[in-house]
Amino acid sequence: AVTVYDKPASFFKEAPLDLQHRLFMKLGGTHSPFRARSEPEDPATERSAFTERDAGSGLLRRLHERPAL
1 AVTVYDKPAS FFKEAPLDLQ HRLFMKLGGT HSPFRARSEP EDPATERSAF TERDAGSGLL
61 RRLHERPAL
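If you count by UniProt numbering, then the sequence shown holds residues 1 to 69, one letter each, in order.
Written out as structure tokens, the structure is:
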């Protein structure tokens, strides 16, 4: 017998953080689970439920208290 494991094709990769953030922001416009749980201190900062982009530096990071996907 041969054991076959399901695994994605080699061309599937994790999406870059910038692409993830843009997707979460877009989905947050219509789906509340993707919206930020709290408002950022700086109103110019973009925040989704999972990521945050600093308005001044443009630095993008995953939130520490983000929900599991």
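Backbone N, C-alpha and C fix where the C-beta goes; we use that ideal spot for every residue, glycine too. Because the structure is a prediction, the values reported are computed rather than measured.
Notebook entry, point to check: Rounded C-beta distance between Pro33 and Ala49? I'm assuming under 8 Å.
Noted result: Residue 33 sits at position 33 when you count from the first residue of the sequence shown. Residue 49 sits at position 49 when you count from the first residue of the sequence shown. The pair is a contact, with the Cβ atoms about 6 Å apart (cut-off 8 Å).
Notebook entry, point to check: Between which two residues does the alpha helix (DSSP H) containing Leu59 stretch?
Noted result: Taking the first residue of the sequence shown as 1, we reach residue 59 at position 59. Premise fails: Leu59 is in no alpha helix (DSSP H) and is neither H nor E.
Next item on the list: Check each candidate in Pro40, Lys7, Arg53 and name the one with the smallest Cα separation from Gln20.
Entry: Counting from one through the sequence shown, the residue named residue 20 turns up at place 20. Of Pro40, Lys7, Arg53, the residue nearest in Cα terms is Arg53.
Check: How close, in whole Å, do the beta carbons of Thr51 and Leu17 come, if the pair is a contact with beta carbons under 8 Å?
Finding: Indexing the sequence shown from 1 puts residue 51 at position 51. Indexing the sequence shown from 1 puts residue 17 at position 17. With a contact defined as Cβ atoms closer than 8 Å, Thr51 and Leu17 qualify at about 7 Å.
Next item on the list: Would you decide whether Arg47 is buried or exposed? Buried here means 16 or more other CB atoms lie within 10 Å of its CB.
Entry: Position 47 of the sequence shown, counted from the first residue, corresponds to residue 47. Residue environment: Arg47 is assigned as buried (16 or more neighbouring CB atoms within 10 Å of its CB, all protein chains considered).
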